[in-house]
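Protein chains in written order, with our numbering: chain A, 88 to 391; chain B, 88 to 391; chain C, 88 to 391; chain D, 88 to 391.
Heads up, the thing below is written out as C-alpha cells.
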C-alpha cells in the first residue's frame, strides 16, 4: 500500500473542509489555534512513518490522553478496574452528570470525563507522582523524550474547569474516588494538556496495532488480549456521542480530543493520527473525521 | 383556640412516633442528636407563644435557612430573582444535578440546594459580608441576638459536602453564579448551620403570617404580596420531593430541614415550628410531619 | 364584595390579552374556536352567580374533567387510590412518559394524563358505564341536565391521540391498568370532551368551596377532609408544569384544560371559572390566568 | 482452522453454563423452551457448515430479525434511512421510551425496538405485503424455503405487547411513522416470530462476511460498503445495553434476540450463530455469549 501517495491525496481532498466547524474556545490556548491547520501521520507495523501537512506540529491532545491513562491503569490494576468503571457507551454528552446520578457514581466508560477521572484516581492511588509518570509513560510509548505538558493549558483548564470540578466532586460524593478531587483534577488537567504532534501520537498508539508491544523493542505495554480490549473500548466509546457514526463512516477503533486530534488503529497494520482543530457538532475534528473516512475508503482497510 | 392544650395533646400523641425514621448522619454533629427529641412552638399574630417538649433547645435549622435567605434576596433583588431561579417544584431529589443539566443551570426553585446556592450568590453580590448579614437578619426576625452559627456543623458540611461542591461548580459552569463557588459554598454552609430553637424559628417565621411585617414593631420585612409569594413557594416547593403529600396531609405552607425542623405558617393566624430529628424517606421529620398533621386536623385550620 | 363590578372591570382589563397565545390545534374542533373568546363566572357559597363575557358559551373542558373524575374515584375507592397514583407534582410535561418509566408505571399525580388514565381505569372497574356515569355525575354537580359530550371532539381525540394511546399501553405494560387500554381511552376521551360553560364549570366546582357539599341540597359529594385533599392536589399539581407560577401569581387551587378553561376555588367563599382559548407556553389559558391574577389582587383574597 | 473440533470443544466447555440465566417468559411460547438447549453453527466463506448440539432445531429469532429488516430497508431506502433513525448506541434499555421523548421520536438506532418499528414502517411504505416479503427475503438469504413465522408467537406478542404498542404510538405521535401503528406492529410481531435454526441463521448472515453477496450465487444483497455499515451498527448497537461488554469479550459484530439466539460475523471469514435460551441480565444468551467468547479466544480471530 502506497501510504505516502494516499495521505498526500487526502491532504488535497480535505482542503475544502479546512476552516469549517468550530475551534474549542473554552480556554484561550485552544481558541487561538488557527482553524485551517491539518496534519496526518501513519505509523505501520513495518516500522514506516508517513506524514503530511502539519503533522510535526504539536497540539493539545486533550481526551486522546484518556487512551494512555487507561492503558497505564490496565497495567496497574488489571480487570479490577471494571469494578469502578463501566464499559458501555454513554448515550449522552462526554461531560454529562445525568448518567452518574442514575448509576450511582459509576461512570459508563473510561473515555468520558467522569471515567477518566476515576482512571486518574486509580493511577494516583498506585503511584507517587501521577503527572510525571503519565508523561514518562507517553514519552516511552512515543519514543520521544521531548514530550511535555503545556502548563498554560493545564492552568487554564483548572481555572475554568467548573464542570470537571463538579464531576470529580460528584463522583467523590458517591465514594468512587479514593483521593481528594482537587488532586485528581490537577493530574487530570495535566494529562489533557500534553502537547504532541501527529507523528508522536501515531507512534504512541502503534502498540495497539502491534498486539500490545512496542515496535522499537518488542516490549509488552499490555498483554495482547488487553490491547484487544482497549481497541474494543475505542470503537464503542472512543468518540463521544458519535461512536456509531464514526464506526459507520471510518470503521476503525479511534479516540478523539477537543484539540482536534484523532488517533485510529488498524490491528496488525497501522496507527494513524489526524489533527485539524475545527470540530463538528459532536466535538470531533471535522476535517480529521473526513480524512479518516477517505483513508479507509481509499485503502479499503477497515475492521469490518 | 386553646393552642396550649392542643400542642400538649399532640405531644402525647406523637410519643409513639419518636425514635422512628433515621437521623441525618452525613456529618457527626447531626448524627449524634438523640432521635427521641421533640419540640413544638406556636407563635400567634396576637403575640402569644406556646411551646412544648424540647421547644427551647437549639437544633441545626439546615434547609429552613433557605426561607430566610430567599426573603433577604427578595428584599435585595425583587422580581429580578426569577431571571436566575425557577419557581416550580422539581419532581426530583433536593440535591439532584439532573434537572440542572436539562435546564441549563437554572435551578427549579429557591428551596432545592441548587436554588439556595444561587440565592446565596445573589446575597453575596449585594453585601460585603453575607454570613454575618444573614445571621443578623435572622436575629432580627427572631428577635433574639443570641442566635449563632454552629461552626462545627459548618466545618463538617464543608469537608464532606462533595455533592454541594459539585452543584455549585456545575451551576457556575452554566454561568449562573457571579461569585466563586468556594465563596458561595462557604456562606451557604454557614447559613445551614444556624442553631435555633423551635421558639426562635417560629418567631422568625411569624412575619409570613403577618402580611410580611414584624409583629414586634410593625416594620415591613417584605411587602404583603411578597409574603404571599414566599408562602406559595413554600407550599409548592418547601418540603423536597413530598410537597404534594405535605400539602395533602398538613395543608399549610411549610419549609423543612434535615436537622428535623419544620416551619409552617397559617396566614393571618400563626407560625408553628416542630423539631424531631428522625426523618422519613423523603427527608422530612417523621414525628414533626405527624404533629403538624394532627395540629391542622385538631384545629380544623388549613389554607384549603 | 361586589363581585359583579370586579369581574366587569377585569373583563375590560384583559381585553389587551385576548388574541395572544396559541389555540390548541391538535384537533380541528379545538383549532377552530375563536381565540378572542373570554368568559368568567363566579359562584359564591351564598348562592350567587356572577358572569361576564362569553360565560354562557360551551367550551371543551378537557383536563378540567380530571378534577371531576378524581372526585368520583375518591368516592368509589377512597384512600386506596394512592396505591396506584402518586400525589406529587411531576416536574415534567403533562403528557410525559419519562417519569412513568423511571417510576414503574405509577403516575406522579391524578392530574397528568397518565394519572387520569389510571383514575378512569378505577372508575371503569367499579361502574358498568363509566362514560354515562361521569356525565351524570358532572350534571349533578353543575345542576344542569343538559351537559353532554361533544362526540366530534371525542372522536377526533381518539383518531389523533397517539400519545395518549402510548401512555395507556405503557401503564398497562407495568400492570397499572386493570381494563384494556382501548376501553380506558374511550372513556377518557369522552370525559375530556364534555362541553360546558363557565357557569356550568363554576357551579360544578362549588362543592370544593363548600366543604365537599352541594350548595343546592347540602348533600356531601365527598367528605370535608377529602375536599381539602382535592384542593391541595389542585394547588400542587393542577396546572401542568406551572403550578409554582400559578400559585405565585393567582394563589388559589386551580385546574386548567387545553380548551382554555380554568376552574379555581377559594375555600369557604367561591368557585370561579374563566375561559379564553389562547394558551401560554405551559398550556394554560393566557388571558384566563391573567384574569384570575387580577381577581385575587383586586379582591385581596387568596389562600396565602 | 479446524472449526469442527473447536465448536465441539466449546460445546463441552459451555455445559456448566447451561441452565443458568432466565428464559424470556413474557409469552408462554418462549417461557416453555427448555433452558438447557444449546446449538452452534458456523458458516465459512469457503462454503463449509459446521454445527453442534441443537443447531438444527428451530427457535424464535426475535430481535435477530432486526438485522434482516434493516438489510432490506437499506436495499429499499439507502442512506435516506438515517433521516428517520439514528445510528448511535442508546445507553438505555432496548424498549425504553425515555430516549424517544428527549429526542423527539427519532430512535437512536435500528436495533432497539423503536428503531426496528421505524424500519418496519419503511418496508411497509415500500411493499405491498411486508410480512411475506420479509419472510421470503430471509428464505432467500438462508437458502431455505421452509422458513416460516411461528404464528402462535406472533399472536402472543400481539396480545401482550403493551410496551411495543406504546412505543409505536409514541413514535407515531412524533410523526415518525407513515403507516398506522396497528399495521406496523402486526408486521413487526411477525418478523420477530420467525422460526429458524442456528444453521439457518448462520447461513442467512453469511452475506455480511462475504462483502454483501450471497455465497450460493454471488448475487449482491447489499453493496460491499453497506455490508460494512451494517456490521459497524451490529458492533455499536447490536446487543442491547451491553454492546461494550460484548465487543470487549467477543470482539465480533453481533446481533442477539431474547429467544436466546446470537448471530456474529467475522468479515471475510465466517458467520456464526449460537442459541441457548437462558438470558443474562442484559437480555443476551448467557451460554451463547460465553460460547462466542471462547470461540474468538480459541481461534484467535476477532476484528480487534
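Using N, Cα and C, we set each Cβ at its ideal position, and we do this for glycine too.
Please confirm whether residue i and residue j have their CB atoms less than 8 Å apart.
i, j, result
"residue 193 of chain C", "residue 263 of chain C", "yes"
"residue 144 of chain D", "residue 284 of chain D", "yes"
"residue 307 of chain A", "residue 217 of chain A", "no"
"residue 222 of chain D", "residue 234 of chain D", "yes"
"residue 268 of chain C", "residue 255 of chain C", "yes"
"residue 323 of chain B", "residue 176 of chain C", "yes"
"residue 314 of chain D", "residue 116 of chain D", "no"
"residue 348 of chain C", "residue 122 of chain C", "no"
"residue 174 of chain B", "residue 205 of chain B", "no"
"residue 224 of chain B", "residue 155 of chain B", "yes"
"residue 363 of chain A", "residue 237 of chain A", "no"
"residue 361 of chain D", "residue 111 of chain D", "no"
"residue 178 of chain A", "residue 178 of chain D", "yes"
"residue 160 of chain D", "residue 286 of chain D", "no"
"residue 329 of chain C", "residue 249 of chain D", "no"
Apart from the five residues on each side of it in sequence, which residues of its chain come closer than 6 Å, Cβ to Cβ, to residue i?
i, result
"residue 98 of chain D", "139, 140"
"residue 107 of chain A", "365, 373"
"residue 232 of chain D", "226"
"residue 191 of chain D", "261"
"residue 91 of chain B", "137"
Leaving out the 5 sequence neighbours to the left and right, which residues in its chain are closer than 8 Å to residue i when beta-carbon positions are compared?
i, result
"residue 244 of chain C", "114, 251, 276, 279, 280"
"residue 246 of chain B", "none"
"residue 282 of chain D", "145, 146, 147, 148, 234, 235, 236, 237, 240"
"residue 214 of chain D", "163, 220"
"residue 309 of chain B", "158, 161, 162, 294, 299, 317"
Could you work out which residue in the options is closest to residue i when comparing CA atoms only?
i, options, result
"residue 149 of chain D", "D/184, D/170, D/241", "D/241"
"residue 293 of chain C", "C/206, C/222, C/353", "C/353"
"residue 304 of chain C", "C/132, C/116, C/95", "C/132"
"residue 195 of chain C", "C/325, C/389, C/342, C/384", "C/325"
"residue 312 of chain C", "B/388, B/361, B/249, B/301", "B/388"
"residue 230 of chain A", "A/291, A/183, A/265", "A/291"
"residue 93 of chain C", "C/112, C/383, C/390", "C/383"
"residue 207 of chain A", "A/158, A/124, A/190, A/118", "A/158"
"residue 89 of chain B", "B/390, B/385, B/391", "B/385"
"residue 343 of chain B", "B/164, B/153, B/178, B/186", "B/153"
"residue 127 of chain D", "D/184, D/100, D/111, D/227", "D/100"
"residue 166 of chain B", "B/391, B/197, B/187", "B/197"
"residue 226 of chain D", "D/310, D/301, D/95", "D/301"
"residue 169 of chain D", "D/202, D/137, D/189, D/186", "D/202"
"residue 124 of chain D", "D/102, D/266, D/188", "D/102"
"residue 228 of chain B", "B/119, B/187, B/130, B/186", "B/130"
What residues in its chain sit with their C-beta under 7 Å from that of residue i, if we drop five residues either side in the sequence?
i, result
"residue 296 of chain B", "132, 352, 353, 354, 355, 356, 357, 358"
"residue 104 of chain D", "373, 374, 377"
"residue 271 of chain C", "204, 207, 208, 211, 255, 264"
"residue 184 of chain B", "253, 254, 257"
"residue 391 of chain C", "338"
"residue 109 of chain A", "365, 366"
"residue 95 of chain B", "139"
Given 8 Å as the limit, is there contact between the region 306–322 of chain D and the region 316–335 of chain A, that is, 3 or more CB pairs closer than that?
-> yes
Report the residue ranges of all beta strand (DSSP E) runs contained in full by the region 92–164 of chain B; include only those spanning at least 3 residues, in chain order.
-> 126–131, 136–140
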